[in-house]
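Chains as they are written, first to last, in our numbering: chain A, -5 to 320; chain D, 216 to 543. The block underneath contains the structure these notes are about, expressed in structure tokens.
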Amino acid sequence: MNLRVLKRNIPFAATAVVCVLLYVFGAVQFYDENFFSLRVFINFFYDNAFLGIAAIGMTFVILSGGIDLSVGGVVGLVSVLLAILMENHGAPPVIAIPLVLLLGAGLGTVMGVFVHYFALPAFLVTLAGMFFARGMALVLQYESVPITKHVDSINSTLSLPLGSGLQLPSSALIYLGAFVLALWLAHFTRFGRNVYAVGGNEQSATLMGLPVARTRVGVYTLSGFCAALAGVTYSLYTSSGNPNAGMGLELDAIAAAVIGGTLLSGGVGYLAGTFVGVLIFGIIQTTIIFQGTLSSWWTKIVVGGLLLLFILLQKGIQAKKLRPKN
Amino acid sequence: MNTWHKLKWPIIALALVLLFNFIFSSGFFQVEIKNGRLYGSLIDILHRAAPVMLISLGMTLVIATGGIDLSVGSVMAIAGAVAALLLTKTEQPVAMVIIISLAVSFLFGVWNGTLVGLFGITPIVATLILMVSGRGIAQLLTDGQIVTFDNSAFEFIGRGALLGLPFTIWLVLFTFILLTVFTKKTAVGLFIEATGDNEKASAYAGVNTNVVKMLVYAICSLLAGLAGLIVATDIKAADANNAGQWIELDAILAVVIGGTALTGGRFFFAGSLLGATLIQALTTTILTRGVPVQWTLVVKALVIIAVCLLQSETFRRFILPRWKKVTV
């Protein structure tokens, strides 16, 4: 195998190794409590489905060399809108869900246009997007409300029975479906290759005649769509419309992508890495819950520590290469 | 490009907000003296803006080197937690409590600076680490509880008054003067701007860019710690969960409104203070007009976009094809 390819895969491999180690640690430590069981394993995906879906969109944005801070706000807005549409206006889910997904994508498109055509820093534009979405969510509905209509029927229709009384819940199913689609989009379509090219070197991409504008706007649209889908998943998962849903989600999503080996400078990374990054989140959370005596905010400290570890690792690998021009 | 050119938009925006209040909110400009202390909406705006102002001063320096510091909110929470614990669990004198909590904040800044300067990690990610884990550390210190304290000497920081004005305003003024002298009367300011303008060239010219970065992150964290003490004394408690939540965004916004570009280079302390005042003036206006507080976020979003567009060369050329000729 080519040495260069091997080297590029070290961060991903390291992430996978850490993930397996953490899982084995949990499985051995809490063997009696059935940590090593299909039920717990499914929960890794079930509990973090909306984080995973948001992280998919975030990975595309980071691959293209940008950043999207608006995802948490969009989750809140979508969650509230879904509640209002389905509860107050009696809209059927087949209308309400596509409508909110379209809205998320539209918000993303607007941000992408600002970033690309007016050359504004992505950090600020998406920050404004976050304020706007979160603010609108709070304006529409100040407090969390339960969604009673349709949610149970959607959840039961979308869940996949796995035998022996277990089933893959709807949010996990949406997450896995979105992940497979995203894999195809990133690695088997022209759009995916353009994203890598734009993130790797925008100037070269332009000179090669790639549609930089369309790709960049497309990436933010995709991220907005993913954030909206994450919002729908959140509402299904909690059966509620919560304007504060997804507080700080953008940072967890960025952390998951970085832990998964995606470089923030763009152009390098894998969706599979993000998937494993989200899985690591789930394993740490579950381990801490199983442990019982540790408080839940240890999750944050451990995630911060892992983030540091992986970034230093990436730096170590990068230092050996020729440093690319910033 | 002179300072006026950079400060033009925030000054106009602030004037518009004040004009709006002058016309529509009666008594907005009233300043009363009670117990030898000034009271009124204008004083209140400055007092409430103090934590963001302090942090935005530090953030100005960080952004001038081309960096960003997302961890200030977490550092605030940690500083508040440390102070509250020292006040309740030990018999330390108030001066020591303040010195220790500021020293802790300073050390976290050195940590950020080490990651950015020495290891060359992207500032967003390097400070993201402390942002995520810092709040966890603060929660761990306070055991997830809101630690309340009662110490009138310590509470002077956020609630006291000096010569009729809230002490917080004096703190901001003092920090502003100190930093201005420090950066304009010594070579440090030049080094900071040089690092932000062209890091490689500065390094070749003999500027130790690593030390410069270490310094700015340390100052920023120190000021965040001070802001943390203000917020803690304001509510007489350390709230690890909520102290400093979102404040990094307000601080960054204040700096950008104030004319310091996110790409680094020239920096404007006065602009950042104006930016922070503008944000607070907007918030106070929204509250006094009886508009639900949640609209502040939407208004902030529109302000960010408007300011960014006004500062964007591309946008100006887009609306006015010959704008460039006019300004240059």
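Backbone N, C-alpha and C fix where the C-beta goes; we use that ideal spot for every residue, glycine too. Quick caveat: nothing in here was measured; it's all calculated off a predicted structure.
With 7 Å set as the bound, which would you pick, yes or no: does the beta-carbon of residue i sit closer than that to a beta-carbon of chain A?
i, result
"Leu489 of chain D", "no"
"Leu477 of chain D", "yes"
"Phe239 of chain D", "no"
"Lys451 of chain D", "no"
"Ile519 of chain D", "yes"
"Gly473 of chain D", "no"
"Thr529 of chain D", "yes"
"Lys428 of chain D", "no"
"Lys415 of chain D", "no"
"Leu307 of chain D", "Looking at the sequence shown, residue 307 of chain D is not Leu but Gln. Cβ-Cβ to chain A under 7 Å: no for Gln307 of chain D."
"Cys435 of chain D", "no"
In this structure, does DSSP put residue i in helix, strand or coil?
i, result
"Val88 of chain A", "helix"
"Pro318 of chain A", "At Pro318 of chain A, the pLDDT of 48 sits below 50, so the modelled position is not reliable and the matter cannot be decided from this model."
"Gly161 of chain A", "In the sequence as displayed, the identity of residue 161 of chain A is Gln instead of Gly. Strand, per DSSP."
"Met216 of chain D", "Low per-residue confidence applies at Met216 of chain D: pLDDT is 47, beneath 50, and the placement is therefore not dependable enough to give any value."
"Leu63 of chain A", "coil"
"Ala455 of chain D", "coil"
"Leu154 of chain A", "strand"
"Leu620 of chain D", "Absent from the model: residue 620 of chain D. The displayed extent of chain D is 216 to 543, so no value can be given."
"Gly235 of chain A", "strand"
"Val262 of chain A", "coil"
"Val362 of chain D", "strand"
"Ile305 of chain A", "helix"
"Pro205 of chain A", "coil"
"Val139 of chain A", "strand"
"His83 of chain A", "coil"
"Val119 of chain A", "helix"
In whole angstroms, what is the alpha-carbon distance linking residue i and residue j?
i, j, result
"Ser289 of chain D", "Ser436 of chain D", "10 Å"
"Leu162 of chain A", "Ala521 of chain D", "46 Å"
"Leu388 of chain D", "Thr275 of chain D", "15 Å"
"Ile315 of chain D", "Lys304 of chain D", "14 Å"
"Ala368 of chain D", "Ala455 of chain D", "22 Å"
"Gln23 of chain A", "Asp41 of chain A", "21 Å"
"Asn28 of chain A", "Ile277 of chain A", "14 Å"
"Lys309 of chain A", "Ile494 of chain D", "38 Å"
"Phe483 of chain D", "Ser256 of chain D", "26 Å"
"Thr478 of chain D", "Ala113 of chain A", "12 Å"
"Gly193 of chain A", "Val211 of chain A", "13 Å"
"Ala279 of chain D", "Leu121 of chain A", "20 Å"
"Ala249 of chain A", "Gly359 of chain D", "23 Å"
"Arg317 of chain A", "Asn149 of chain A", "Annotation note: pLDDT 49 at Arg317 of chain A (below 50); position unreliable, coordinate value reported separately. Using only the alpha carbons, I get a separation of about 49 Å."
"Gly186 of chain A", "Ile450 of chain D", "51 Å"
"Lys400 of chain D", "Gly490 of chain D", "24 Å"
"Val518 of chain D", "Thr475 of chain D", "16 Å"
"Phe397 of chain D", "Ser487 of chain D", "17 Å"
"Asn457 of chain D", "Ile472 of chain D", "25 Å"
"Val325 of chain D", "Ile305 of chain A", "18 Å"
"Val312 of chain D", "Leu430 of chain D", "23 Å"
"Met216 of chain D", "Val470 of chain D", "Below a pLDDT of 50, predicted positions are generally treated as unreliable, and Met216 of chain D, at 47, falls in that range; no measurement from the model is reported."
"Gly375 of chain D", "Gly443 of chain D", "16 Å"
Using a beta-carbon distance below 7 Å, is residue i in contact with chain D?
i, result
"Trp291 of chain A", "yes"
"Val133 of chain A", "yes"
"Ala122 of chain A", "yes"
"Phe126 of chain A", "yes"
"Val68 of chain A", "no"
"Gly254 of chain A", "no"
"Phe112 of chain A", "yes"
"Leu201 of chain A", "no"
Out of the options, point me to the one whose CA is closest to residue i's CA.
i, options, result
"Leu179 of chain A", "A:Val213, A:Val192, A:Gly203", "A:Val213"
"Ala247 of chain A", "A:Leu95, A:Phe6, A:Val65, A:Thr9", "A:Val65"
"Leu300 of chain D", "D:Ala353, D:Tyr419, D:Leu430", "D:Ala353"
"Ile462 of chain D", "D:Phe321, D:Ala485, D:Met291", "D:Met291"
"Glu137 of chain A", "A:Leu258, A:Thr287, A:Ser234, A:Thr103", "A:Ser234"
"Ala266 of chain A", "A:Leu16, A:Ile148, A:Ala21, A:Gly46", "A:Gly46"
"Ala191 of chain A", "A:Ile4, A:Val206, A:Phe44", "A:Val206"
"Gly332 of chain D", "D:Ala476, D:Glu414, D:Thr500", "D:Glu414"
"Gln285 of chain A", "A:Cys13, A:Gly20, A:Gly106, A:Pro5", "A:Gly20"
"Leu63 of chain A", "A:Arg184, A:Glu244, A:Leu258, A:Thr268", "A:Glu244"
Span of the beta strand (DSSP E) holding residue i?
i, result
"Ile283 of chain D", "Careful: Ile283 of chain D lies outside any beta strand (DSSP E) and carries neither H nor E."
"Lys400 of chain D", "From DSSP, Lys400 of chain D is part of no beta strand (DSSP E); its letter is neither H nor E."
"Lys562 of chain D", "As displayed, chain D neither begins before 216 nor continues past 543, which places residue 562 of chain D out of reach and without an answer."
Considering residue i, what are the terminal residues of the alpha helix (DSSP H) in which it resides?
i, result
"Tyr254 of chain D", "Counting along the chain, Tyr254 of chain D falls outside any alpha helix (DSSP H), though it belongs to the beta strand (DSSP E) covering 252 to 254."
"Asp449 of chain D", "424 to 450"
"Asn327 of chain D", "309 to 328"
Between residue i and the ligand ZN, is the CB less than 6 Å from at least one heavy atom?
i, result
"Ile270 of chain D", "Questions concerning the ligand ZN fall outside what the structure shown contains, since it holds no ligand whatsoever."
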